[in-house]
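Residue numbers (the working numbering): 283 to 705.
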């Protein structure tokens, strides 16, 4: 009996597998554009927005399969589904080192996007929701933080590889590394609670914290039909869409440093590192804020840090060195889409039908936010500067925070009515 109590819950092996996904394919694919934009644009003679269309195609491909991914992850052998998808990610990344025209990158964008429908924004929150009834926000934050840290490492690595070996060889090496780190772990470790014959972590425990208050607020788990009949869900959903688009602004930081500020690729890589360092801290901080202080506090954190960061960014036009602290501060609010939005949705709809509801929400989030990612590059293509993009980022974060807070207030009133009806 004592050994049973001290034995590590299988949920933590799932966390290990998710971390290895982030350290491998997740980090490599996240760094597949940033440092590569300038050398590829110069080599192939294309526009920035033409190349970054890769990201929009990736997001659209991902979004169209979100509902399919959510269904397969919850009904099929989850390790097999995610494992095959991880292999597809690696192939798509490796192929990018072979392309001779910008349009060929769109094929890899579609391939990686299809794969990430089963490995990324939807699958990991759903997988962790399967396995954690307690500390869900903190665990999601930690996994996301590792992913951001991995992006830092691949950003530094890609800058070194591009400088020393060229951008094509950089893609080949990153693909090989991600395959070794991710694929064996996914096939070996990822299982569902049903496959393992055990309850999720914390299913039988109670703790008097904000986390449990949030869980109690979700006692009335909404069905998909009930959820999509609530106006407050659409308010929260709009907030998620705005976060989706606004988070894309920071993705142009490296290109901003190299093209607009006329700095080196290594300088641009360092900008990405500072952004991702902030993002790493943000993922952990936002997860803990949600568990301890509630969802509204997480929204406030994102709005303040983003506004302060982009306002500081304007100082970099006078001295490029200011881009480092500016992007670090921006990074502190950059987990709003990956961490805050899933927790906002879960707070409203509960855990019972979360996967099918969140997958539909994410489909629209990515179609709009991700599909419009290339439009951010138009600020430079049309006006020769990213100033307008920085201002847009501040405004979108502010509006999203307000809408998120409104949805939370409306949800509290709804839960109070449910409780009174039960009495």
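A virtual CB, placed ideally from N, CA and C, is assigned to each residue, including glycine.
* Asked: Helix or strand or just coil, what does DSSP make of residue 510?
  -> What you label residue 510 is simply residue 228 of the chain shown in a count that begins at 1. Coil.
* So residue 339 packs on residue 395, CB below 8 Å; how close in whole Å? -> The residue you call residue 339 lines up with position 57 of the chain shown. The residue you call residue 395 lines up with position 113 of the chain shown. At roughly 7 Å, the Cβ-Cβ gap stays under 8 Å, so residue 339 and residue 395 are in contact.
* Asked: Straight-line CA distance for residue 577 to residue 426?
  -> Taking the chain shown and counting its residues from 1, one reaches residue 577 at position 295. Taking the chain shown and counting its residues from 1, one reaches residue 426 at position 144. Each residue's alpha carbon lies about 17 Å from the other.
* Straight-line gap, residue 435 to residue 695 (C-alpha atoms, nearest Å) -> Working through the chain shown from its first residue, we reach residue 435 at position 153. Working through the chain shown from its first residue, we reach residue 695 at position 413. Roughly 45 Å separates the two Cα atoms.
* **Rounded separation between residue 310 and residue 428 - CA only** => Taking the first residue of the chain shown as position 1, residue 310 is located at position 28. Taking the first residue of the chain shown as position 1, residue 428 is located at position 146. Approximately 13 Å between the Cα atoms of the pair.
* Asked: Residues bridged to residue 483 by DSSP?
  -> Numbered from its first residue, the chain shown carries residue 483 at position 201. In DSSP, residue 483 forms a bridge with 414.
* Asked: Considering residue 708, what are the terminal residues of the alpha helix (DSSP H) in which it resides?
  -> In this structure the chain extends from 283 to 705, so residue 708 is not present and cannot be described.
* **Boundaries (first-last residue) of the alpha helix (DSSP H) holding residue 613** => Residue numbering aside, residue 613 sits at position 331 when the chain shown is read from its first letter. It spans 605-613 - the alpha helix (DSSP H) in which residue 613 sits, taken as one unbroken run.
* To do: Report buried or exposed for residue 666, applying the criterion of at least 16 other Cβ atoms within 10 angstroms of its Cβ.
  => The count along the chain shown starts at 1 and reaches residue 666 at position 384. Residue 666 comes out exposed.
* Asked: Thinking C-beta only, is residue 641 closer than 8 Å to residue 348?
  -> Locating residue 348 in the chain shown gives position 66, counting from the first residue. Locating residue 641 in the chain shown gives position 359, counting from the first residue. Result yes, Cβ atoms of residue 348 and residue 641 sit closer than 8 Å.
* Proximity winner among 639, 634 and 390, relative to residue 414 (alpha-carbon distances) -> For the purposes of this step, residue 414 is identified with residue 132 of the chain shown, where counting begins at 1. It is 634 whose Cα lies nearest to the Cα of residue 414.
* Alpha carbon to alpha carbon, how far is residue 522 from residue 343? -> One-based indexing of the chain shown puts residue 522 at position 240. One-based indexing of the chain shown puts residue 343 at position 61. The straight-line gap from Cα to Cα measures roughly 19 Å.
* Just the C-alpha distance for residue 600 and residue 416, rounded to the nearest angstrom, thanks. => Taking the first residue of the chain shown as 1, we reach residue 600 at position 318. Taking the first residue of the chain shown as 1, we reach residue 416 at position 134. Their Cα atoms are separated by approximately 48 Å.
* Decide if residue 407 is buried, meaning its Cβ has at least 16 other Cβ atoms within 10 Å, or exposed. => Along the chain shown, one-based indexing puts residue 407 at 125. Under this definition residue 407 is a buried residue.
* Cα-Cα separation between residue 445 and residue 327, rounded to whole angstroms -> Residue 445 sits at position 163 when you count from the first residue of the chain shown. Residue 327 sits at position 45 when you count from the first residue of the chain shown. Computed Cα separation, rounded: 19 Å.
* To do: Please work out which residues of its chain come closer than 6 Å, Cβ to Cβ, to residue 391, disregarding the five sequence neighbours upstream and downstream, and give them in chain order.
  => Locating residue 391 in the chain shown gives position 109, counting from the first residue. Closer than 6 Å at Cβ, skipping near neighbours: 336, 339 and 340.
* Asked: Taking Cβ to Cβ, would you say residue 524 is nearer than 8 Å to residue 630?
  -> Here the question's residue 524 lines up with position 242 in the chain shown. Here the question's residue 630 lines up with position 348 in the chain shown. Result no, Cβ atoms of residue 524 and residue 630 do not sit closer than 8 Å.
* **For residue 287, the three-state DSSP class (helix, strand or coil)** => Within the chain shown, numbered from 1, the residue matching residue 287 stands at position 5. Bear in mind that a pLDDT of 49 at residue 287, under 50, signals an unreliable position, so the number given afterwards is only what the model happens to contain. Residue state, collapsed to three classes: helix.
* Asked: Taking the alpha-carbon positions, what's the residue 474 to residue 541 distance?
  -> Residue numbering aside, residue 474 sits at position 192 when the chain shown is read from its first letter. Residue numbering aside, residue 541 sits at position 259 when the chain shown is read from its first letter. So the alpha carbons of these two residues sit roughly 46 Å apart.
* Asked: What three-state label does DSSP hand residue 472 in the structure shown?
  -> Position 190 of the chain shown, counting from 1, holds the residue named residue 472. The answer is coil: DSSP assigns residue 472 none of H, G, I, E or B.
* Whose C-alpha, out of 646, 405, 466 and 614, is nearest the C-alpha of residue 430? -> What you label residue 430 is simply residue 148 of the chain shown in a count that begins at 1. Of the candidates 646, 405, 466 and 614, the one whose C-alpha sits nearest the C-alpha of residue 430 is 614.
* **Simplified DSSP state of residue 348, which is helix, strand or coil** => In the chain shown, the residue the question calls residue 348 occupies position 66. Residue state, collapsed to three classes: helix.
* 6 Å Cβ shell around residue 493 - same chain, five flanking residues per side excluded -> In the chain shown, residue 493 corresponds to position 211, counting from 1. Any reading at residue 493 must be qualified, since the residue scores a pLDDT of 48, below 50, and its modelled position is unreliable; no value is offered.
* Asked: Going by other Cβ atoms of all chains shown within 10 Å of its Cβ, with 16 needed for buried, is residue 489 buried or exposed?
  -> Sequence index remark: in the chain shown, residue 489 carries index 207 (1-based). Any reading at residue 489 is ruled out, since the residue's pLDDT is 48, under 50, leaving its predicted position unreliable.
* What do you reckon, are the CB atoms on residue 616 and residue 564 nearer than 8 Å? -> As a working note, residue 616 is residue 334 in the chain shown. As a working note, residue 564 is residue 282 in the chain shown. Contact flag set, yes.
* **Between the CA atoms of residue 387 and residue 500 - distance to the nearest angstrom** => Here residue 500 corresponds to residue number 218 of the chain shown, with the count starting at 1. Here residue 387 corresponds to residue number 105 of the chain shown, with the count starting at 1. Its pLDDT being 43, under 50, residue 500 is placed unreliably in this model, and the value from its coordinates should be taken loosely. Roughly 43 Å separates the two Cα atoms.
* To do: Rounded to whole angstroms, what's the CA-CA distance from residue 371 to residue 699? Just pull it up for me.
  => In the chain shown, counting from the first residue as 1, residue 371 sits at position 89. In the chain shown, counting from the first residue as 1, residue 699 sits at position 417. Cα to Cα, the separation comes out at about 46 Å.
* To do: For the segment 301-326, list the beta strand (DSSP E) runs that are entirely contained and at least 3 residues long, ordered along the chain.
  => none
* Over what stretch of residues does the alpha helix (DSSP H) that includes residue 646 continue unbroken? -> Counting from one through the chain shown, the residue named residue 646 turns up at place 364. First-last of the alpha helix (DSSP H) with residue 646: 636-647.
* Asked: Alpha carbon to alpha carbon, how far is residue 306 from residue 351?
  -> As a working mapping, residue 306 is identified with position 24 in the chain shown. As a working mapping, residue 351 is identified with position 69 in the chain shown. Approximately 20 Å between the Cα atoms of the pair.
* To do: Identify, in the order they occur along the chain, each residue of the same chain with its Cβ nearer than 6 Å to the Cβ of residue 450, setting aside the five sequence neighbours on each side.
  => Residue 450 sits at position 168 when you count from the first residue of the chain shown. Around residue 450: 379.
* Asked: With DSSP run on the structure shown, which of helix, strand or coil describes residue 462?
  -> Counting from one through the chain shown, the residue named residue 462 turns up at place 180. Correct three-state label for residue 462: helix.
* Asked: What residues in its chain sit with their C-beta under 7 Å from that of residue 571, if we drop five residues either side in the sequence?
  -> One-based indexing of the chain shown puts residue 571 at position 289. Once the five neighbours on either side are set aside, the close Cβ partners of residue 571 are 579, 580 and 583.
* Asked: If you draw a straight line from the C-alpha of residue 598 to the C-alpha of residue 397, how long is it?
  -> Numbered from its first residue, the chain shown carries residue 598 at position 316. Numbered from its first residue, the chain shown carries residue 397 at position 115. The straight-line gap from Cα to Cα measures roughly 37 Å.
* Asked: Below 8 Å, can you find three or more Cβ-Cβ pairs linking the segment 450-468 to the segment 294-308?
  -> yes
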